[in-house]
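So for the sequence shown, our numbering puts the first residue at 141; every next one is plus one.
Using N, Cα and C, we set each Cβ at its ideal position, and we do this for glycine too.
As the structure is a computational prediction, the values presented were derived from the model and not from experiment.
See structure below.
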Amino acid sequence: MKSLHLHAHPEGGYYYEVFSSEGKIKLESLLKSFSKDRKYYTSIYFLLKSGEVSRFHRIKLDE
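Here is the structure:
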């Protein structure tokens, strides 16, 4: 994982951030469940090891 510069993903698996927007949505414009500003857009590579599973799921709003 180190040679690919991957980091552990909070939901399992590993990821590498490919692109991230410089623009952000200010905290005061977000729901109270957020604790800081959020980027407009982030793109990642996502990898699972053999035997690991990532289940499809729905989220309540854009992340």
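Beta carbon of residue i nearer than 8 Å to that of residue j
i: ILE165; j: TYR181; result: no
i: VAL155; j: LEU144; result: It should be pointed out that residue 155 corresponds to Tyr in this sequence rather than to Val. Going by C-beta atoms, TYR155 is not nearer than 8 Å to LEU144.
i: PHE196; j: HIS149; result: no
Coarse secondary structure for residue i, derived from DSSP in three states
i: LEU187; result: strand
i: SER169; result: helix
i: LYS200; result: coil
Nearest-angstrom Cα separation, counted from residue j out to residue i
i: MET141; j: HIS147; result: 7 Å
i: GLU162; j: SER183; result: 13 Å
i: GLU192; j: GLY152; result: 8 Å
Option in the options with minimal Cα separation from residue i
i: ASP177; options: GLU151, GLU168, PRO150, ARG195; result: GLU168
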